[in-house]
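Chains as they are written, first to last, in this note's numbering: chain A, 762 to 944; chain B, 336 to 792.
Okay, structure first, notes after.
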Amino acid sequence: MTQAVISVLGEDRPGIIAAVSQALLEAGCNIRSVSQTLLQAVFGALFVVAMPDDIDEAALARTLTGALDGLDLDVIVHAYPAGAAAARVHAEPFVVTTHGPDRPGIVAAVSGVLARHGVNVTDLQAVFEGGDRPEANAMIFQVDVPDPVSLAALKADLASAAERLGLELNVQHRRLFEIMNRI
Amino acid sequence: MLGKQEVISTLEMLKYEHLDLRTVTLGISLLDCASDDVRVFTARARQRIETLAAALVTTCDRLGATYGVPVVNKRIAVSPIALVGAPFTAAEMVEVARALDTAAGNVGVDFVGGFSALVEKGMAAGDRALIDAVPEALATTARVCASINVATTRAGINMDAVLRMGETVKATAEHTASDDGLGAAKLVVFANIPEDIPFMAGAYLGVGEGDAVINVGVSGPGVVKRAIERAIEAEPGIDLGRLSEVIKQTAFKVTRAGELIGREVAQTLGVTFGVVDLSLAPTPTRGDSVGEIFRSLGLASIGAPGSTAVLAMLNDAVKKGGAFASSYVGGLSGAFIPVSEDLEIAAAAARGDLSIEKLEAMTSVCSVGLDMIALPGDTSAEALAALIADEMAIGVINRKTTAARLIPVPGKRAGEHAHFGGLLGEATIMALPHGSGGNAFVRFGGRVPAPIQSLVN
């Protein structure tokens, strides 16, 4: 069996996962892993599935589109990325947070610095509550910093970016948050 | 993955609620540096301290930056000098203090504790020499802190030592008259002194400890206060059981942060990790106050009726949260009520809302004692001794640690202002009834016998 990745996007309402997983079952697929999120009124999900040997991504896409017709969902079937199982360098988990008034370019600038240093973003969340409490407008980047990366250089570049954008920025090892908030 | 709330609430504690590591204290044994030649001893002691503590400050700063939790103070605590320097004269003890001061300065720490003696049952030669040396030692050094244990629940109260300490407190203040008696702010008299306090001025390395150890003092009165305020706002009809729970959970988080960094400092330096002291230790900064917690729990001021009950609840909830957070909790571990070091407590004393009598009552349920209390300059040595005796009695009978850090401010009267500076803060001088006369009770001397421990009423 080969693996495929299916992305599903649409207006959120009850029944989407039921419909998609039923369609996958009838297509002979096994769901290996799934990640689903709600962003404002939008449903988004990624399914990693094992496809039966006698179909390919295009065929699966046609089958799913047919089965989910009328549900107003965008469904795309992708080949599973080839290099995804490559060995990784050991990395330490950090949390980069920015606080400050919302403006265009924050995510691009911060993630640009991270990319230049070879730092991978493993989770990104935004808190936009408005008002004048700085913490009410925050971006939380959970990142993996590979051991060879210079933490000092990364922090310096992030600090410069933050200053240009008028933001407060913190970089802290993830262990602090885990150890303070979990038993 | 971390949830949004976990990240945001932790950051708010660090940025707005003054969560920090109040101190990382490296305990260093000097027992094997012993010599009857003071020059040999001081050379060995300096070498020991300057080697072991060489990387203390940089390690704390680096780990503090990694986690985003500032390590505010880095300190050193050594073996009790009265024991290690038992053969020395008082003048030689002063030399030892100067050597400790120099070593501490060279490694960049702001205080070194351990100029200490344990005299709950009697005074030996080294103890007498050290106590005799205290006024000059504390006047001529910047960083040295002294602690003298004069009572334990097992041994009772050594009233000869208590009287001697009343005299010593007064002399120490007089030796530093130009600084409002600042020397006495570095001297604490204890009952049931713990061996692993990371805070000053009581820190010393207990004789049951190893070669070197890291003890951590976390703090977070501001964090506790904000947690209480948020809970009251979010839960109408909230009761004291629920508020205790809020305090407990907050203490858990604060303790966890301290242990994380403390363990890594210990590991980096290659020494054992000792304990977290989870005391709520205030600084003279708005929002970093234990006194403000009393207001958030509904009292008009610390010192008003209800203060002892509030403190009892607070102290206990802090201990419970901390004890769940870490297996190694020690030192004082409770709430501090140092008058000059807490803006709100100092203000309450200045307004007359908080008296010495109420403070003394509160020491029966908190973890420190009569702490950083400025008294009139004409307070007699005997009155100081008698006040110390009161505090020792509270500790001895109730099987807890109590202490007295009293500062008779030379030349000033009740209601006037004393300024100690930095973390030691400033305070209005408090009135003490019968403070300037003699006290025949303390002149009896001897030992108050150890209390019976079975009939506990």
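All C-beta atoms in this analysis are idealised placements derived from N, C-alpha and C, irrespective of residue type, glycine included.
Predicted model, so just to flag it, every value in this text is computed and none were measured.
DSSP places GLN783 of chain A in the uninterrupted alpha helix (DSSP H) bounded by 777-787. Taking 7 Å as the cut-off, the beta carbon of VAL810 of chain A is found no closer than this to the beta carbon of VAL769 of chain A.
Rounded to the nearest whole angstrom, the C-alpha separation of GLY669 of chain B and ALA616 of chain B is 9 Å.
ARG778 of chain B counts as exposed, since fewer than 16 other beta carbons sit within 10 angstroms of its beta carbon. Cβ neighbours of CYS790 of chain A within its own chain (closer than 6 Å, five residues either side excluded): VAL810 and MET812. ALA438 of chain B and ILE787 of chain B have their alpha carbons spaced roughly 44 Å apart.
Annotated three-state conformation of SER921 of chain A is helix, per DSSP. Under the Cβ criterion (8 Å, minimum of three pairs), the stretch 447-457 of chain B does not count as touching the stretch 393-404 of chain B. A buried status is given to ALA472 of chain B, since no fewer than 16 other beta-carbon atoms sit within 10 Å of its beta-carbon. Fully contained in the stretch 790-833 of chain A are the following beta strand (DSSP E) runs of length 3 or more, in chain order: 791-800 and 803-812. Any Cβ of chain A closer than 7 Å to the Cβ of GLU341 of chain B would place that residue at the interface, and such an atom is present.
Take PHE587 of chain B, set aside five residues on each side of it, and the residues of its chain with a beta-carbon closer than 8 Å to its own are GLY656, GLY657, PHE659 and ALA660, in chain order.
In the three-state DSSP reduction, SER789 of chain B falls in the coil class, being neither helix nor strand. Rounded to the nearest whole angstrom, the C-alpha separation of ALA716 of chain B and LYS456 of chain B is 21 Å. Out of B:PHE525, B:GLU385, B:LYS350 and B:ALA520, the CA that lies nearest to the CA of ILE729 of chain B is found in B:PHE525.
Nearest to ILE466 of chain B by alpha-carbon distance, out of B:ILE563, B:PHE423, B:HIS754 and B:ILE363, is B:PHE423. For THR859 of chain A, no chain B residue has a C-beta closer than 9 Å to its own C-beta; the minimum C-beta separation is roughly 11 Å.
Along the length of the stretch 448-494 of chain B, whole beta strand (DSSP E) runs at least 3 residues long occupy 479-487 and 491-493, reported in chain order. Proximity of the stretch 419-435 of chain B to the stretch 377-388 of chain B meets the contact definition, three or more beta-carbon pairs being nearer than 8 Å. Counting along the chain, LYS583 of chain B sits inside the alpha helix (DSSP H) bounded by residues 575-604. A straight line joining the alpha-carbon of THR763 of chain B with that of THR620 of chain B spans about 17 Å.
Assignment of ARG433 of chain B by DSSP, reduced to helix, strand and coil, places it in the helix class. Membership of LYS339 of chain B in the alpha helix (DSSP H) is indicated by the continuous run 339-351.
For THR345 of chain B, the residues of chain A that pass the 8 Å Cβ criterion are LEU937, PHE938, MET941 and ASN942, in the order they occur in the chain.
Among the residues of the stretch 588-604 of chain B, those with a Cβ less than 7 Å away from any Cβ of chain A are LYS588, ARG591, ALA592 and LEU595, in the order of the chain.
Not a single C-beta of chain B is nearer than 7 Å to the C-beta of ILE867 of chain A. Here THR360 of chain B carries a strand assignment [DSSP, helix/strand/coil]. Residue nearest to HIS860 of chain A within the set A:ASP833, A:ASN898, A:VAL880 and A:ALA843 is A:ASN898 (criterion: CA-CA distance). Not one beta carbon of chain B lies nearer than 7 Å to the beta carbon of VAL871 of chain A.
Minimum Cα-Cα distance from GLY756 of chain B among the listed residues B:LEU694, B:ASP371, B:ALA520 and B:ASP725 corresponds to B:ALA520.
Of all residues in the stretch 391-418 of chain B, only THR401, TYR402, GLY403 and VAL404 come within less than 8 Å of chain A when Cβ atoms are compared, listed by chain position. In this model, ARG561 of chain B and GLU352 of chain B are separated by some 7 Å (Cα to Cα). Close partners of GLN886 of chain A in chain B (Cβ separation under 9 Å): MET336, LEU337, GLY338, LYS339 and VAL342. In this structure, ARG410 of chain B sits near THR360 of chain B, with a CB-CB distance shorter than 7 Å.
Within the model, the alpha-carbon separation for LEU937 of chain A versus VAL653 of chain B is close to 20 Å.
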